[in-house]
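*Asks:* This is the structure I have questions about; it appears just below.
In this note's numbering, the protein residues as written are 1 to 91.
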């Protein structure tokens, strides 16, 4: 079975409207995930700069954690990323 690969893009439009390249992404050692950093990683995956697998591996995220960021942006915009894990469990 052959797998088709999308061509890698050089940049995507970041959450603030500016171009976002691999060099602009948070460093792989990021431990403190502020709204801007989460939004940049989601934009990179959505735009094809990184695959979901690459993002999860690079930042040691679970797929569920990444998908929760994406869902929060879809439902509440960037403000939705303020929600912590503890707050998600309380809902």
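Here a beta-carbon is modelled for each residue, glycine too, at the ideal position from N, C-alpha and C.
The model shown is predicted, which means the values in this text are computed figures rather than measured ones.
Could you check where the alpha helix (DSSP H) with residue 55 kicks off and where it finishes?
*Replies:* Taken as a continuous stretch (DSSP letters only), the alpha helix (DSSP H) holding residue 55 covers 52–59.
*Asks:* Secondary structure at residue 25, three-state DSSP: helix, strand or coil?
*Replies:* It is coil, neither helix nor strand.
*Asks:* Going by DSSP, name the residue or residues bridged to residue 19.
*Replies:* Answer is 13.
*Asks:* Give me, in chain order, the residues of the same chain whose beta-carbon lies closer than 8 Å to that of residue 66; leave out the 5 immediate sequence neighbours on both sides.
*Replies:* Closer than 8 Å at Cβ, skipping near neighbours: 41, 42, 45, 52, 55, 56.
*Asks:* Report the CB separation of residue 15 from residue 36 in whole angstroms; it is logged as a contact under 8 Å.
*Replies:* With 8 Å as the limit, residue 15 and residue 36 qualify as a contact, their Cβ atoms being about 7 Å apart.
*Asks:* Return the chain-ordered list of same chain residues with a C-beta closer than 6 Å to the C-beta of residue 58, the five sequence neighbours on each side being excluded.
*Replies:* Cβ within range, chain order: 28.
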